[in-house]
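This report refers to the structure that appears directly beneath it.
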Amino acid sequence: MDSPSGSVDRPEGVLEGVNADSLAARHGTPLQVYSANAIRNRIRSLHAALQGLDALVCFAAKANSCHAILNLMAENGVGADIVSVGELERCLRAGISGSRMVFSGVGKTEAEMSRALECGVGRFNVESVDELDGLQRVAAQRGLIACAAVRVNPDVDALTHAKISTGKAENKFGVGMSEARTWFEQARQRPNVRLDGLHVHIGSQILDLGPFRQALDRVAEFHRELVAAGHAITSIDVGGGLGVCYREGHDHPPDVAAYVEVVRHALREFRGRIVLEPGRWLVAEAGVLLTRVIRVKQGEQRRFLIIDAAMNDLLRPSLYEAWHDIVAVRQASGPMIAYDIVGPVCETGDTFALARELPECQAGDLLAIKTTGAYGTSMASSYNSRPLLAEVMIDDGRSALIRQRQSLDAMIAGEVTSPQWISA
Ligand SMILES: Cc1ncc(COP(=O)(O)O)c(C=O)c1O
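Just so you know, my numbering puts 433 at position 225 of the sequence shown, and the rest follows in order with no gaps.
Below you can see the structure in the form of structure tokens.
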């Protein structure tokens, strides 16, 4: 980096001494960059906090499904939480075995469940009785026993953004304790499903451990009740959700040891396997999005910084009005100026920040949008026919392209230019 090292505002943490300008020059912008070491460090500290527990960390592949990231998880002993057959196939190709995967989601089709059974997926987190019956059907067809957990909805407010809050009774996720109870009571009716697990996930970007503790306490109480009724529970999956810092000095995510301590305390009477499904916490802070200023535009009321990244590259600000710290890569002196930082997409919602203070910028300047390693490229699209962005990994002073920028041909592949009409 050209800027002085040690400044908390610079993106050195991710770029680790690799020159951002040369990366941007080599690969173009917008460019998503990850630090492999930052991800390894997160995995290491989570594993250290879990020491002594029979725990399996399953990375929520939705947070980042790029092959190299999933491969890093596999190499460091992390399994996967998947929600589609697409994620299943990606994880298999990246070296994560089916037995180290849990399959979540409200809309698993029987075809997806069947393929997952074929691949030996370790556990199905079941979210409705219809799904449970479907799992019984496909497991019987294959002559297999499916291991399953019921995803309970604890009716707890995770105190996060409404769109990523999943643990309230009004949400589509999981089932209430009373319905879950009947599933266990009727277990004999589904001989190809071994229902011996509990699962809970109350939401994402959790900064306050209170609701997480409350949800786990409810699960622990339910566990005690099930055991007393004679049901064997061998696995409790506590979901994901641990939050990260998107805004320096404002977001104060819990320490991972404190988070694990909540799990240890709530499940102190449980002797089986504990599954964790972190997504964001493992990868978000390991990523920055490099983007160039296309032009500065002085509007009638506001000053716009128009950059070459857009909502199709990083949807979170548009979708959740999420804050991301944004810094100029080169340290500039002089007064700070308030810019509305916007992309080129033809929507007013294509806005990364309002009245954000930066040193005076001009066309060609390189900016870094921070904390973009999770729910960035995995939510990217080619809206406005903008190709999917390139991705690069940094590892010990080296860099490697891990996803090519999408070509025009790849973007339109699959579109039929001369439709063959058939009568309905
Ligand atoms: C079932 C489940 N597990 C885990 C996660 C990962 O959450 P996070 O990335 O906040 O850790 C999600 C996110 O939506 C989820 O739905």
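Glycine included, C-beta positions come from ideal geometry on N, C-alpha and C.
Taken in chain order, the unbroken stretches of alpha helix (DSSP H) that lie wholly in the stretch 244-324 and span 4 residues or more are 244-257, 275-283 and 293-301. Residue environment analysis places residue 229 among the exposed positions, since fewer than 16 neighbouring C-beta atoms fall within 10 angstroms of its C-beta. Between residue 235 and residue 513 a beta carbon distance of about 22 Å is seen, past the 8 Å cut, so the two are scored as non-contacting. By the neighbour-count criterion, in which a residue is buried when 16 or more other Cβ atoms sit within 10 angstroms of its Cβ, residue 571 is exposed.
Annotated three-state conformation of residue 410 is coil, per DSSP. For residue 228, there is no enclosing beta strand (DSSP E); the residue is found in the alpha helix (DSSP H) stretching over 228-235. Membership of residue 436 in the alpha helix (DSSP H) is indicated by the continuous run 417-436. At a cut-off of 3 residues, the continuous stretches assigned as beta strand (DSSP E) that sit fully inside the stretch 340-388 are 354-359. Around the beta carbon of residue 629, a 10 Å sphere encloses fewer than 16 other beta carbons of the protein chains shown; the residue is thus reported as exposed. Here residue 624 is exposed, its C-beta having fewer than 16 other C-beta atoms within 10 Å.
Per DSSP, the beta bridge partners of residue 405 are 357 and 443.
Straight across, the Cα-Cα distance linking residue 231 with residue 371 is about 34 Å. By the neighbour-count definition (other C-beta atoms within 10 Å, threshold 16), residue 620 is an exposed residue.
Pairwise C-beta distances place the stretch 302-309 out of contact with the stretch 484-500, as fewer than three of them are shorter than 8 Å. Distances from the CB of residue 486 to the heavy atoms of ligand 1 include at least one below 7 Å. Per DSSP, reduced to three states, the secondary structure at residue 332 is strand. Restricting attention to 258, 225, 245 and 438, the CA atom closest to the CA of residue 493 is found in 245. Each residue's CA atom was taken as its position, placing residue 330 and residue 631 some 44 Å apart. Contact between residue 575 and residue 482 fails: their C-beta atoms lie close to 41 Å from each other, not under 8 Å. Bridge partners of residue 611 according to DSSP: 599.
Excluding sequence positions up to five before and after residue 450, its CB lies within less than 8 Å of the CB of 414, 461, 462, 464, 467, 486, 488 and 489, all in the same chain and listed in chain order. The stretch 397-411 makes contact with the stretch 335-353, as at least three CB pairs between them are under 8 Å. Residue 589 is positioned such that its CB atom lies no closer than 8 Å to that of residue 272. In this structure, residue 450 has its beta carbon less than 7 Å from a heavy atom of ligand 1. Membership of residue 577 in the beta strand (DSSP E) is indicated by the continuous run 574-578.
In the DSSP secondary-structure assignment, residue 535 is bridged to 576. Residue 554 counts as exposed, since fewer than 16 other C-beta atoms from the protein chains shown sit within 10 angstroms of its C-beta. When DSSP reads this structure, residue 495 sits in a beta bridge with 242. A buried status is given to residue 607, since no fewer than 16 other beta-carbon atoms sit within 10 Å of its beta-carbon.
Residue 616 carries a helical assignment under DSSP once its states are collapsed to helix, strand and coil. Counted as a single uninterrupted DSSP element, the stretch harbouring residue 571 is not any beta strand (DSSP E), since DSSP gives it neither H nor E. A check of alpha carbon separations from residue 508 across 526, 475 and 548 identifies 548 as the nearest.
Burial check for residue 219: the Cβ neighbour count within 10 Å reaches 16 or more, so the residue is buried.
Using a cutoff of 7 Å, the CB of residue 271 counts as near ligand 1, since one of the ligand's heavy atoms is closer than that.
Residue 468: member of the alpha helix (DSSP H) spanning 464-474, first to last residue. Within the model, the alpha-carbon separation for residue 540 versus residue 381 is close to 48 Å.
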